[in-house]
Amino acid sequence: MSLEKVVFGFFVLLAATLNFGFFLGDISDPALHNVYELFAAVVVSLIATVLKFGDRTQIGAVHLATSLVADLQLIAAALMWAYATQISSAGLDAEAMAGVVSLSGGALLANLVSVALLVIETTTFHRR
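Per the UniProt record's numbering, the sequence shown starts with residue 1, numbered consecutively.
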């Protein structure tokens, strides 16, 4: 068993589950979406992206691409949350929350593709 593969798989799955936990719930209800969970999803997603650097295979390139998409959307969601709570006079209303959760949903889709790639890569691995 490779410790590197375990750590890689751990962060890929953790990024997806944290994102799913934030995404779950009524899209426009701020009480159902925790800012700390969004922050954790961003941090873990960035860590997963760093772990994907250096893989020179085609599937590694797609892993990196999905991770970059998730990072961009989660960072955009965090910026939208920060704008709504710190700058906007309307505050974190239903419209702003729907935008944050929608961006998180896009990141969740990218994370699910990454998890699917991880499963495919694992099942097609042949011992030498």
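Cβ atoms here follow ideal geometry from the backbone N, Cα and C, with glycine treated the same way. Since this is a predicted model, take the numbers as computed values, not measurements.
_Residue range of the unbroken alpha helix (DSSP H) whose run includes Asp71_ = Residue mapping note: residue 71 aligns to position 71 of the sequence shown, counting from 1. Run containing Asp71: 58-86, per the alpha helix (DSSP H) assignment.
*Whether Gly105 touches Phe23 by CB criterion (9 Å)*: The residue you call residue 105 lines up with position 105 of the sequence shown. The residue you call residue 23 lines up with position 23 of the sequence shown. Contact: yes.
*Does DSSP put Gly25 in a helix, in a strand, or in coil?*
What you label residue 25 is simply residue 25 of the sequence shown in a count that begins at 1. In the displayed model, Gly25 falls within coil according to three-state DSSP, outside both helix and strand.
*Segment contact flag, the segment 94-110 with the segment 34-53, C-beta cutoff 8 Å, min 3 pairs*: Inter-segment contact for the segment 94-110 and the segment 34-53 is present: three or more beta-carbon pairs are separated by less than 8 Å.
*Got a sec, what are the start and stop residues for the alpha helix (DSSP H) Asn111 sits in?*
Position 111 of the sequence shown, counted from the first residue, corresponds to residue 111. 94-123 is the span of the alpha helix (DSSP H), which, as asked, contains Asn111.
*Counting pairs of Cβ atoms below 8 Å between the segment 2-14 and the segment 46-55, do you hit three or more?*
Yes, since at least three Cβ pairs between the segment 2-14 and the segment 46-55 fall closer than 8 Å, the two stretches touch.
_Simplified DSSP state of Ala90, which is helix, strand or coil_ = As a working note, residue 90 is residue 90 in the sequence shown. Ala90 falls in the coil class under three-state DSSP.
*Could you tell me whether the segment 52-64 touches the segment 82-102, using the rule of 3 or more Cβ pairs below 8 Å?*
Inter-segment contact for the segment 52-64 and the segment 82-102 is absent: fewer than three beta-carbon pairs are separated by less than 8 Å.
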